[in-house]
Amino acid sequence: MDAFELFRKLGVGAKFDLKRFGQDAARFKVSFIVCSLLFDVFCLTEAGGELLKETQGTGITWTSSLDRKIQNLPSDGKEKSSMKRLKHLHQEKVNRIRAQNRINVHGCDIPDPVCTFEELQSEYRLNPRVLQNLRDAGLSSPTPIQMQAMPLMMHGRELLACAPTGSGKTLAFCLPLLAQLQQPANQGFRGVIISPTRELASQTYRELLRLSEGVGFRVHIIDKASLAAKKYGPRSNKKYDILVSTPNRLIFLLKQDPPAIDLSSVEWLIVDESDKLFEDGKTGFREQLATIFLACSGPKVRRAFFSATCTADVEQWCRLNLDNLVSVNIGHRYGSKTWVFHLFRNTAVDTVDQQLLFVGTENGKLVAMRDIIKKGFLPPMLVFVQTIERARELFHELVYEGINVDVIHADRTQQQRDNVVNSFRSGKIWVLICTALLARGIDFKGVNLVLNYDFPTSAVEYIHRIGRTGRAGHQGKAVTFFTENDKPLLRSIANVIKQAGCPVPDYMVGFKKIHSKVKRRLEKKPPKRSTICTTPRFLMKTKGKDQKKGNKRAP
DNA sequence: AAAAAAC
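Going letter by letter, the first sequence gives residues 5 to 559 in our numbering.
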């Protein structure tokens, strides 16, 4: 592709809502980010023509590193100054590509973004078979996060990457992982990917299998820790390359005596949904992650963190602990106080039509739910509730409605969980009731509606839930029920919806921020959620009492 | 606050 063609393509894709941009910039403190962006917009409109002429003459393409080209030029005085000019022009182009794709980078010596997958082969020696597998999967050009994260990983840079739900993060780390490992080797695992749920691990695993088909990489997933202990133990032949796992299964292997797995050859440790895996506290993931970090003891280990939402905590940790960190943000990042909020629209969330629906009370939810079913809806639909118990209850309420409905949560057996996911993928299940288990990372093709039956407890949770629809540029819809009880949290979610460009009643965003005192009180005394049930009260009470008595009498 | 994560 020559410079002209690319310039044209980039020009067509450019859409800056200058009016909105101006308002936002005025409303919030203008930072260097705004300045650099305005500069790029200026370059795009004013300097574009001149730039085009110059690059056409030199035959420089976007796809190769300019420095190398410059080295090949003869270096008398005249050439030298034109070299400088070229270098400058090249930097402007790179800046513009980043601005147009909303790629924000932070760090030193950052490689240029790639604009095509082919560059991974020409510049970074990606196996041509992997490229073919990509084409077979119908993937033609990299998404913004892939454009920047892939060359970074190819240069062995440790990174913290934040990009919207459904914007291709999995591919953004799988491709460079395959490219960096070059070919299968018999020295034990060289790549490890950690996921917060088994469902996500298995999805990533299958994605890796598909990408590496015909290349011979041995990709593994720990599906049963006891079996895996034999497979990867000290006596094994080490014929494996990449491992995908949830934290505890891996730790189980590490804690055997002697350890049933050796991670000392790991070159890449990738933490998917990193803010989730950084969750602290007694039962949080953080300690588990720390154990895994320590086990990857090799001198060559590099680490990469990916998520749609990034907490200040993760960012801080990365700044302190990673080597020459680069952070990449696509659009703007939620959950970090250090970032300038509200400047961009989140591209993934742009593709989701988001609605808030007042249903009055707990009972109103069931009425509204039945109404949606009665009116007819376009399956598949994903329904989020807050607890396992409520997932069960809602399932029992809907199972007689004459629709194909099922339920998934961590209390179901692995077999049941796998079956449910498979049937939902194949379309056998129309309505799937779920807990936070499915909130992150899961890529169901063509979910038409995400229904938040229970109000999400945070904006972050909301973003991940509704991110199950509207993926990879497709259109999706999300409806969120709310009752009187949910009003304290309404403001933050209404703001997310408003930023995404969906209409929200003014009074909602006008709600006062809840004071930390009030918040604490709410945390101590969470509003008691009634159960989901249509059985008349008097029947319930009798049944409940009887059960309790029975329990007490039992020895 | 709940959910998730080993056998």
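C-beta: ideal position from N, C-alpha, C; glycine also.
Buried versus exposed call for residue i [16 or more other C-beta atoms within 10 Å across all chains shown]
i: D140; result: exposed
i: T287; result: exposed
i: R129; result: exposed
i: N105; result: buried
i: K280; result: buried
i: T147; result: buried
i: V241; result: For the record, residue 241 in the displayed sequence is Asn; it is not Val. Exposed: under 16 other Cβ atoms inside 10 Å.
i: E83; result: exposed
i: D113; result: exposed
i: T201; result: buried
i: S145; result: exposed
i: T351; result: Unreliable placement is indicated for T351, whose pLDDT of 36 sits below 50; the coordinate value is still reported in the next sentence. By the 10 Å Cβ count, T351 comes out buried.
i: K234; result: exposed
i: V371; result: exposed
Nearest-angstrom Cβ-Cβ length linking residue i and residue j, presumed shorter than 8 Å
i: L382; j: N452; result: 4 Å
i: E277; j: V425; result: Incorrect: roughly 17 Å between the Cβ atoms, too far for contact.
i: I377; j: I407; result: 6 Å
i: M154; j: V118; result: 6 Å
i: H468; j: A312; result: 7 Å
i: F485; j: A443; result: F485 to A443, Cβ: 16 Å. No contact.
i: V134; j: S199; result: Their Cβ separation, rounded to whole angstroms, is 21 Å, which puts V134 and S199 out of contact at 8 Å.
i: I334; j: A167; result: 4 Å
For residue j and residue i, the rounded distance between their alpha carbons
i: V219; j: D317; result: 38 Å
i: A299; j: R290; result: 14 Å
i: A498; j: S269; result: 47 Å
i: G160; j: G480; result: 36 Å
i: M512; j: D490; result: 12 Å
i: S462; j: L494; result: 9 Å
i: L48; j: L93; result: Because L48 carries a pLDDT of 36, less than 50, the predicted location of this residue cannot be relied on, and no value is offered for it.
i: L55; j: M151; result: Unreliable positioning characterises L55 in this predicted model, as indicated by a pLDDT of 37, which lies under 50. A coordinate reading is not provided.
i: R210; j: A176; result: 15 Å
i: L124; j: I197; result: 21 Å
i: P251; j: L258; result: 11 Å
i: T355; j: G474; result: 5 Å
i: Q419; j: A103; result: 46 Å
i: I64; j: E96; result: Confidence at I64 is low in this model, with a pLDDT of 35, below 50, so the placement of that residue should be treated as unreliable; the coordinate-derived value is given next. If you take the alpha carbons of I64 and E96, they lie about 14 Å apart.
i: R568; j: A189; result: What is shown of the chain runs 5 to 559, which leaves residue 568 out entirely.
i: E127; j: H400; result: 56 Å
i: D227; j: L90; result: 53 Å
i: L386; j: L436; result: 5 Å
i: R239; j: F310; result: 34 Å
i: F193; j: L181; result: 12 Å
i: L247; j: L156; result: 21 Å
i: V403; j: K369; result: 16 Å
i: T169; j: I446; result: 10 Å
Contact under 8 Å by Cβ, residue i with residue j
i: V363; j: T487; result: yes
i: D245; j: G195; result: yes
i: G111; j: L273; result: no
i: A264; j: G237; result: yes
i: V332; j: A205; result: no
i: Q359; j: A504; result: no
i: Y466; j: M373; result: no
i: A414; j: L441; result: yes
i: E162; j: R394; result: no
i: F448; j: P384; result: yes
i: I255; j: T295; result: yes
i: N131; j: R214; result: no
Residues sharing a beta bridge with residue i, DSSP
i: D410; result: L436
i: C166; result: S311, N333
i: R306; result: W272
i: T484; result: L360, N456
i: L386; result: L436, V454
i: G195; result: I246, W272
i: I107; result: I334
i: I225; result: V248
heavy atom of the ligand ATP below 7 Å from residue i C-beta
i: K235; result: Ligands are entirely absent from the displayed structure, and the ligand ATP is therefore not among its contents.
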